[in-house]
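Residue numbers (the numbering used here), protein chains in the order written: chain D, 218 to 502; chain U, 1005 to 1502. Each residue gets a CB set at the ideal place from its N, CA and C atoms; glycine is no exception. As the structure is a prediction and not an experimental result, all values here were calculated from the model. Here the structure comes first, spelled out in structure tokens, and everything after it is commentary.
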């Protein structure tokens, strides 16, 4: 006697909740072999805007938390991902059509990336900022801080879990909040990851994940006046120059497309920060 | 009556005229383009640069067309390939030290030329602009052989040819901000000074000749907007650095999209200068004056929105009016002048237009009593009180000696009002309470924050904006990094061992 499985409904992740697309649209997600896996939500322009509102609302709290606190939250994500390793391996095997060994390596690399980035949360300011020896009686300090709301087009090739982690972790560790458009072809790992995020002390709205068509959603995010930066990591096959032109209207910071999942780097962290320089007079005593 | 504050149009103190002599200048009647180490003819229609305080012509200036831009970029590329990229960092540094020294030696001449061409008071060009120019070259000279410590990992690489377009408000200082870090990092340069203020850059070209800087390492081309456009869009430039209006910055960001050119944009601002009721009021009043009336308010980081706590509003505004009544407006070359000429007729018209709008939208206008000279472009220091947050003069950059006064009751309200702008270049905070200053500074979305001071600049201190004030930083280690690319860090060991 075989047990009848209980399949999961895959929805969006906005403001810490799991809504369906307001448009009511879904699209079929198939395995590499063409087997039906799920009906994923096909996010709309309105969903993208709702996600930006949620992300903006979360900026003050998240960027105002201490680096130590954000580091612990990121480390907690690694802990929970580790506990659900088997689930992610299985999901990647079926959705990406890769071997169990390759899927295991991808999950492990993603977990380790969280750990690596978690450690930066209370250190990047020391490495990317500095005291400035100005010629006069002034205290003068330059420190980087989060740029605000970051829109991200996640890598669209393989590595649907690792690609996602490789763009979300460096953005949020500094206090940014993000609106991510997941891999269109393999969106299931993204929604499963949001279940991990929802249970690992990441405040609602810090990470918002949309599934659907990057081609449809990206221009709205690139043009949104309340988005401070856009990471085009996975926009290689979109008209990304056009997205950059749209982003120029509001002088967004733009990260260019990369092939595959971007390697962990301090540069990726700093690219989504702003340097603030504070001067203060010293009295003459 | 002398020695008394007067209510009429006579001055606070009557001083005899004390103009700086122009005999120190050795100006040519006409200037060509400085390309590949020599002055050459331009192929566009030449134009005249005038003194905004007298409207008299100073010199005939060549105009670079697209072909000249091509020639200049080719010279810079040749110099990069054959000379500059092959020099040691130590030798690049020595050239920059030479330039710093030559600027110091010819400091007075440069200051006079700057005040003549730009209209700014000689005491500013002499005591602020030109000393900072020398300091900028001296600071970056020392970086040239220390690039490994710039924070980009070992052996960072120069980008190649840098296209630089600068504004008219601090002509030579903006040139130094652009050229010094570019050369220290190992790039070569084509730079375009503003159409109304090319003079000091052309004297600077003579300094480069005296320094025996290799030909083509710095090329200075004069012209208007179309020259700048041709330069930043040239396919053979690797870096674009622009300081100017947000509108042009936006256009540049669009035109370089997809080209891979590294870009630094220093654009407009609408800085809030926040004065709390526990501020040292005398210093704050001086700081407010310096914040908006320094350089006739032609400063992108000017403190153009005064946010003053409601309880001290009347006192602060009264003191401001008294202080502004003592400012001397007039001949930029006079050593006693506080407020010089507006840089151009076009800018004067824009300031007038925005001020008229401010009045129409209901703000209370007050103008400092001063005699406006017959010739030239002038605008008396002006305060608008009771300005609402939605008013045009509280939102748009006036870029002139016009202060908008708004009030607030709580720190939270001050922060909300300060951040209520698409710009984010600078801000000021005045309070004697250190913990309040630091808490407010944390919340302000601006790249430079001055606490109990305003409009301080230093080559060691990064400068640049958030949001629509642009991106990238100039000054300090950050400003050097804007002209370098990382050769890569060693990769962290992550993932399953195989």
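query                                                                                                                                   : result
Expected contact under 8 Å - CB spacing of residue 1429 (chain U) and residue 1452 (chain U) to nearest Å                               : 7 Å
Distance between beta carbons of residue 1431 (chain U) and residue 1276 (chain U), contact taken as under 8 Å                          : 5 Å
Between the CA atoms of residue 1306 (chain U) and residue 1291 (chain U) - distance to the nearest angstrom                            : 11 Å
Listed by chain order, chain D residues near residue 1237 (chain U) by CB distance under 7 Å                                            : What residue 1237 (chain U) touches in chain D: nothing, since even the nearest Cβ is about 14 Å away.
Inter-residue CB distance, residue 438 (chain D) and residue 396 (chain D) (contact presumed, cutoff 8 Å)                               : 6 Å
Length-filtered (3 minimum) beta strand (DSSP E) runs lying within the region 1102-1136 of chain U                                      : none
Closer than 8 Å to chain D by CB, residue 1103 (chain U)                                                                                : no
Residues of its chain near residue 1486 (chain U), where Cβ-Cβ distance is below 6 Å and the 5 sequence neighbours each way are ignored : 1268, 1476
Residue 255 (chain D) versus residue 1362 (chain U): straight-line alpha-carbon distance, rounded                                       : 59 Å
Euclidean distance between Cα positions of residue 403 (chain D) and residue 383 (chain D)                                              : 16 Å
Minimum Cβ-Cβ distance from residue 349 (chain D) to chain U less than 8 Å                                                              : yes
Pairwise C-alpha distance: residue 340 (chain D) and residue 1143 (chain U)                                                             : 27 Å
CB contact check: residue 329 (chain D) to chain U, cutoff 8 Å                                                                          : yes
Given 8 Å, three or more beta-carbon pairs between the region 460-480 of chain D and the region 438-448 of chain D                      : yes
CB contact below 8 Å: residue 1445 (chain U) versus chain D                                                                             : yes
Contact list for residue 1490 (chain U) against chain D, beta-carbon separation under 8 Å                                               : 484
Collapsed DSSP secondary structure at residue 1477 (chain U) in the structure displayed                                                 : coil
Cα-Cα separation, residue 420 (chain D) to residue 233 (chain D)                                                                        : 7 Å
Buried versus exposed, by CB contacts within 10 Å (16 or more), residue 277 (chain D)                                                   : exposed
Segment limits, beta strand (DSSP E) that includes residue 305 (chain D)                                                                : Unbroken run through residue 305 (chain D) is the alpha helix (DSSP H), 302-313; no beta strand (DSSP E).
C-beta atoms of residue 1162 (chain U) and residue 1189 (chain U) nearer than 8 Å                                                       : yes
For residue 1173 (chain U), three-class secondary structure by DSSP                                                                     : coil
CA-to-CA distance, residue 319 (chain D) to residue 223 (chain D), given in whole angstroms                                             : 26 Å
Assigned secondary structure, residue 254 (chain D) (DSSP; H/G/I helix, E/B strand, else coil)                                          : strand
Per-residue DSSP class, three states only, for residue 1317 (chain U)                                                                   : helix
Of the residues U:1465, U:1460, U:1417, the one placed nearest residue 1131 (chain U), counting alpha carbons only                      : U:1460
CB contact check: residue 1482 (chain U) to chain A, cutoff 8 Å                                                                         : Checking the listed chains, one finds no chain A in this structure; the protein chains it contains are D and U.
Whole-number beta carbon distance between residue 1404 (chain U) and residue 1377 (chain U), since they are thought to touch under 8 Å  : That pair is no contact at about 17 Å.
Selection of the region 446-461 of chain D by Cβ proximity to chain U, strictly under 9 Å                                               : 457, 458, 459, 460, 461
Same chain only: Cβ atoms within 7 Å of residue 968 (chain U), ignoring 5 sequence neighbours per side                                  : Because chain U is modelled from 1005 through 1502, residue 968 (chain U) falls outside the range shown and cannot be assessed.
Residue environment, residue 281 (chain D), which counts as buried when at least 16 other CB atoms sit within 10 Å                      : exposed
8 Å Cβ cutoff, residue 1487 (chain U) in contact with chain D                                                                           : no
Given residue 1280 (chain U) as reference, the closest of U:1437, U:1154, U:1040 once Cα atoms are compared                             : U:1437
Closer than 8 Å to chain U by CB, residue 185 (chain D)                                                                                 : An answer regarding residue 185 (chain D) cannot be provided, because it is not within the stretch 218 to 502 covered by chain D.
Residue 1317 (chain U), buried or exposed, once every other Cβ within 10 Å from all chains shown has been counted against 16            : buried
Residues bridged to residue 1222 (chain U) (per DSSP)                                                                                   : U:1193
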